[in-house]
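In the working numbering, the protein residues as written are 32 to 394.
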């Protein structure tokens, strides 16, 4: 259960505790007046009588809530709790009867120690105390649920941060390793390789820690990565990219598509002796972003564990961020490896997208 902090009612804040109690008892008093007072000929006299009964009701309600119940929860002594409750019940009846006889405009033949009058006043106190305790327990439950939700959210945020901190070095290690191999084999491409790598580094350092980013930024990083891989594999690598027009303004969590692209090159192209291929398709169907990526496989089988930390990491982040609003299908057969990812997306506001204009270019 989630409770958005910005929408919490101010009346429920701890600093407004006294105000909550005052409002509750005013409402209880008005309820008495409206429900029972309208049946009396002398409405003004009943108005005063209901006010006279409040002290005994307050005494019993607060004594039960803040004295009896805490001690029962602490000591687990039911007999003691029952005894204190009975004593408070009788005292509240006596107090209510005394105030009625001393200050009420109504005449009565009942004396101060009249058993029936005391029991009647005590029952009123008991009913009001039950209502007070139920409301109080409801607020305590709400507050506890809110704290649990906050702890869960904090835990999820910590886990997401840990996963992001884990995924960046993983990708950078693989990319730098590939760059080293490329520069060793073909020094002429070193300058362009470093340029592409700088684009990836910029994304990792400045964009990957955001909650959401425009899809165009993730695509920019993917284009830089693919260009880097093409320099490495030259003519042996065939890459097909199909991106639906008009989807650049969609909001997406950073680094949920890129890991699958990196995985395809690492375990697809590098495992294929010749005719390596990677096909990427990105489109929107209804309210979902549909990402498909497929790659060929070499003659040597690739074990599931070989996909390493990248896929495990992104699967967990998808679960944490999108939950049931995403689906992931992986088809691993003898000749190819296919990933189909569907994510429910919302369009970013135009202003949020415009702050990135001029920053993104596909070289």
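For glycine and all other residues, C-beta sits at the position ideal for the given N, C-alpha and C.
Since we're looking at a predicted model, the values are computed, not measured.
Run of the alpha helix (DSSP H) containing residue i, from where it starts to where it stops
i, result
"residue 123", "109-134"
"residue 54", "48-63"
"residue 259", "246-264"
"residue 294", "289-295"
"residue 100", "100-106"
Three-state secondary structure assigned by DSSP to residue i
i, result
"residue 279", "coil"
"residue 373", "strand"
"residue 145", "coil"
"residue 271", "strand"
"residue 224", "helix"
"residue 229", "helix"
"residue 87", "helix"
"residue 387", "In this prediction, residue 387 has a pLDDT of 48, which is less than 50 and means its spatial position is unreliable; what the coordinates show is noted afterwards. Residue state, collapsed to three classes: coil."
"residue 156", "helix"
"residue 338", "Caution is warranted here: a pLDDT of 49 is assigned to residue 338, below 50, making its placement in the model unreliable, and the coordinate value is therefore given only provisionally. Here residue 338 sits in helix by DSSP."
Outcome for residue i when other beta-carbon atoms lying within 10 angstroms are tallied against a minimum of 16
i, result
"residue 50", "exposed"
"residue 255", "buried"
"residue 46", "exposed"
"residue 149", "buried"
"residue 335", "Reliability fails at residue 335, whose pLDDT of 45 lies under 50, so the model's placement of it is uncertain and the value that follows must be treated cautiously. Exposed, by the Cβ-count rule."
"residue 19", "Given a span of 32 to 394 for the chain in the structure shown, any question on residue 19 remains unanswerable."
"residue 65", "exposed"
"residue 344", "buried"
"residue 317", "exposed"
"residue 373", "buried"
"residue 298", "buried"
"residue 354", "exposed"
"residue 124", "buried"
"residue 88", "buried"
"residue 294", "buried"
"residue 155", "buried"
"residue 134", "exposed"
"residue 393", "Confidence at residue 393 is low in this model, with a pLDDT of 43, below 50, so its placement is unreliable and no value can be given for it."
"residue 179", "exposed"
"residue 117", "exposed"
"residue 253", "buried"
"residue 337", "Because residue 337 sits at a pLDDT of 43, beneath the cut-off of 50, its placement in the model cannot be relied upon, and the following sentence gives the value as read from the coordinates. Label assigned to residue 337: exposed."
"residue 84", "buried"
"residue 262", "buried"
"residue 181", "exposed"
Residue i, enclosing beta strand (DSSP E) - first and last residue
i, result
"residue 314", "307-316"
"residue 360", "357-363"
"residue 320", "319-327"
Cβ distance (whole Å) where residue i is taken to contact residue j below 8 Å
i, j, result
"residue 103", "residue 112", "4 Å"
"residue 328", "residue 366", "6 Å"
"residue 287", "residue 228", "At roughly 21 Å, the Cβ-Cβ gap does not stay under 8 Å, so residue 287 and residue 228 are not in contact."
"residue 258", "residue 319", "That belief does not hold up - the Cβ atoms of residue 258 and residue 319 are roughly 28 Å apart, past 8 Å."
"residue 278", "residue 315", "5 Å"
"residue 359", "residue 325", "So it is not a contact: roughly 14 Å between Cβ atoms."
"residue 99", "residue 162", "Incorrect: roughly 16 Å between the Cβ atoms, too far for contact."
"residue 80", "residue 119", "Their Cβ separation, rounded to whole angstroms, is 22 Å, which puts residue 80 and residue 119 out of contact at 8 Å."
"residue 310", "residue 271", "5 Å"
"residue 275", "residue 250", "About 11 Å; that fails the 8 Å criterion."
"residue 238", "residue 296", "About 21 Å separates the two Cβ atoms, so there is no contact after all."
"residue 342", "residue 290", "7 Å"
"residue 415", "residue 126", "Only positions 32 to 394 of the chain appear in this structure, which leaves residue 415 out of reach."
Touching by the beta-carbon criterion (3+ pairs, under 8 Å), the segment 163-178 and the segment 121-136: no
The segment 258-276 contacting the segment 303-320, beta-carbon criterion three pairs below 8 Å: yes
Quick check: the segment 271-285 against the segment 242-250, are at least 3 beta-carbon pairs closer than 8 Å? yes
Are there three or more Cβ pairs, one per stretch, closer than 8 Å when the segment 94-103 is compared with the segment 51-64? no
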